[in-house]
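Numbering (the numbering used here), first residue to last: 467 to 948. Here the structure is laid out as structure tokens; the discussion comes afterwards.
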């Protein structure tokens, strides 16, 4: 190999592997020095230099100039192996430098392989790794699919660079907004907060630094054009755009939409927001399996308790009765606590002694004693509740063992509940329910496209009503994640 060939090879490696030519030259020099030392069996290191312009090699050992030809075939093979390793090391360092700075950014690529549910993604120079745990629940990936994902970690894994991707990270939604909404990319619209349950629903709080720009409208786009692209990329995940407000009451009310809120009472000492809604808005505010209030709590950073006015009054009355029954509290302090927003014994247990000493006008030790007595009473109530649940479960088990709960067909009389006509009616109802169930996926697709606009609307889509009507799934006390 002459010098010109060597220069061309180095240049090809530089362009193909995106490695600095100087790094390649240094790798070849080190490889040749190692080969010379091994071939001649000396303790001295050979000094090898390559002319960067001509590619000519100059090697010396113990001040004697060496002819590269005398290195022999073994030395040449050694040099080849070392050169390959040096190039691999340089390529790995280059990948680490390139992708290490891209953590938190969005990349796009094509699925090349699915291995045990984990996806391997061709990113161009590197290969991304999309673990099953970082995939959107319910989404099925196929080889050849093009996806967008967030780089969450770049690390060395043996001789390779592992680029870990995520499609469930909340930051991915923000990066997609930056791509789809120019005002977000230009920082005219700020993403103030985000709460996400990947595959189901995301709430994004936005504000505008320019009073002429409507933050919510800009994010949704004309007829939902902008938000629709993000929803499609996220496999149909519903995205609510929430108008941010510095006032916690207004922000929480916006976050709970489409439910209408009557009143919001704040207890800043324990970071608790008690939200009062009418009976017909209760299920809507809580959401399916508590999803709406849970996301609103995480978005706003407040612990949210959803109650109707009647429930609120009943809870206050119960707490007042329980507090006044505690010797260390009494009626006067109970009234002070009620006025300050402590509407349950559990609230009082959460308060710190300094705050309580200020409210009760007592010293810190007395405040600790009060909190301790209230905590004991809470523990008693919890133990009683556990006992009642156990007794109820035992009674239900005894009832099941006492009879199979079925009435023989020959014992059915015309006046019984299950007459032939009613059974027929029930069959028709079942068919109607089946038709309704089959129609629901279409409603889901409509809401996915129109859902963001409904956040700022006084109307509630049928899908929202269905999602909210899960009384058994009620989660009135939602605590934001920290």
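By construction, the Cβ of each residue, glycine as well, lies at the ideal position given by its N, Cα and C atoms.
Residue closest to residue 571, alpha-carbon to alpha-carbon, out of 641, 700, 693, 851:
Counted from its first residue, the chain shown places residue 571 at position 105. Closest by alpha carbon: 641.
Using a Cβ-Cβ cut-off of 8 angstroms, state whether residue 659 counts as contacting chain D.
Among the chains of the structure shown, chain D does not appear; only one protein chain is present.
CB-CB length for residue 695 against residue 622, believed under 8 angstroms
As a working note, residue 695 is residue 229 in the chain shown. As a working note, residue 622 is residue 156 in the chain shown. Between residue 622 and residue 695 the Cβ distance is about 35 angstroms, and since that is not below 8 angstroms, they are no contact.
Option in 574, 479, 734 with minimal Cα separation from residue 768
If you number the chain shown from 1, residue 768 lands on position 302. With respect to the C-alpha of residue 768, the residue from 574, 479, 734 having the closest C-alpha is 734.
Excluding sequence positions up to five away, which residues of its chain have a Cβ less than 8 angstroms from the Cβ of residue 657?
Counting from 1 along the chain shown, the entry for residue 657 is found at position 191. Only 640, 643, 650, 670, 671, 672 meet the Cβ criterion.
Mind checking which residues open and close the alpha helix (DSSP H) that includes residue 637?
By 1-based counting over the chain shown, the position of residue 637 is 171. For residue 637, the enclosing alpha helix (DSSP H) starts and ends at 636-646.
What residue from 603, 604, 632, 602 has the CA that sits closest to residue 615's CA?
Taking the first residue of the chain shown as 1, we reach residue 615 at position 149. Cα-wise, what sits closest to residue 615 is 632.
Starting from residue 747, trace the alpha helix (DSSP H) both ways and give me its first and last residue.
The count along the chain shown starts at 1 and reaches residue 747 at position 281. Unbroken alpha helix (DSSP H) run through residue 747: 745-752.
Endpoints, beta strand (DSSP E) assigned at residue 578
By one-based count along the chain shown, residue 578 stands at place 112. Here the beta strand (DSSP E) through residue 578 covers 572-581.
Mapping DSSP to helix, strand and coil, what is residue 771?
As a working note, residue 771 is residue 305 in the chain shown. Strand at residue 771.
Proximity winner among 857, 680, 831, 504, relative to residue 654 (alpha-carbon distances):
Within the chain shown, the letter at position 188 stands for residue 654. Scanning 857, 680, 831, 504 for the CA closest to the CA of residue 654 turns up 680.
Out of 764, 765, 813, point me to the one whose CA is closest to residue 788's CA.
To locate residue 788, count along the chain shown from 1; it is residue 322. It is 813.
Check whether the region 782-796 and the region 745-764 are in contact - that is, three or more C-beta pairs closer than 8 angstroms.
A contact is defined here as three or more CB-CB pairs under 8 angstroms, and the region 782-796 fails this definition with respect to the region 745-764.
Could you round the C-beta distance between residue 612 and residue 574 to whole angstroms and report it? I think they count as a contact, below 8 angstroms.
Here residue 612 is taken as the residue at index 146 of the chain shown, counted from 1. Here residue 574 is taken as the residue at index 108 of the chain shown, counted from 1. Their Cβ separation, rounded to whole angstroms, is 6 angstroms, which keeps residue 612 and residue 574 in contact under 8 angstroms.
What are the residues that DSSP puts in a beta bridge with residue 531?
As a working mapping, residue 531 is identified with position 65 in the chain shown. Beta-bridge pairing links residue 531 to 526.
Given a threshold of 16 other Cβ atoms within 10 Å of its Cβ, counted over all protein chains shown, does residue 553 qualify as buried or as exposed?
What you label residue 553 is simply residue 87 of the chain shown in a count that begins at 1. Buried, because 16 or more other Cβ atoms sit within 10 Å of the Cβ of residue 553.
Note down, one range per segment and in chain order, each beta strand (DSSP E) of at least 3 residues found wholly within the region 552-623.
Counting whole runs of 3 or more residues, the region 552-623 contains the beta strand (DSSP E) stretches 572-581, 584-588, 593-596, 612-623.
Can you tell me which of the three DSSP states residue 779 falls into?
What you label residue 779 is simply residue 313 of the chain shown in a count that begins at 1. Residue state, collapsed to three classes: helix.
Inter-residue spacing [alpha-carbon to alpha-carbon] between residue 489 and residue 701
Counting from one through the chain shown, the residue named residue 489 turns up at place 23. Counting from one through the chain shown, the residue named residue 701 turns up at place 235. Taking the straight line joining both Cα atoms gives about 44 angstroms.
Taking residue 957 as the reference, which of 863, 774, 829, 843 has the closest Cα?
What is shown of the chain runs 467 to 948, which leaves residue 957 out entirely.
Taking all protein chains shown into account, do 16 or more other C-beta atoms lie within 10 angstroms of the C-beta of residue 719, making it buried, or fewer, making it exposed?
As a first step, residue 719 must be located in the chain shown, where it is residue number 253. By the neighbour-count definition (other C-beta atoms within 10 Å, threshold 16), residue 719 is a buried residue.
Ordered along the chain, which non-local residues of its own chain (more than five positions away) have a Cβ less than 6 angstroms from that of residue 483?
Walking along the chain shown from the start, residue 483 turns up at place 17. Once the five neighbours on either side are set aside, the close Cβ partners of residue 483 are 557.
Residues near residue 937 in its chain [Cβ-Cβ closer than 7 angstroms; skip 5 each side]
Sequence index remark: in the chain shown, residue 937 carries index 471 (1-based). Reliability of the predicted coordinates at residue 937 is poor, the pLDDT of 41 falling under 50, and the value obtained from them is presented with this limitation in mind. So the list reads 749, once near-sequence residues are dropped.
Of the residues 522, 737, 659, 688, the one placed nearest residue 637, counting alpha carbons only:
Sequence index remark: in the chain shown, residue 637 carries index 171 (1-based). Proximity to residue 637 across 522, 737, 659, 688 peaks at 659, based on C-alpha coordinates.
Based on the DSSP output, what are the partners of residue 518 in its beta bridges?
Residue numbering aside, residue 518 sits at position 52 when the chain shown is read from its first letter. Residue 518 is not bridged to any residue.
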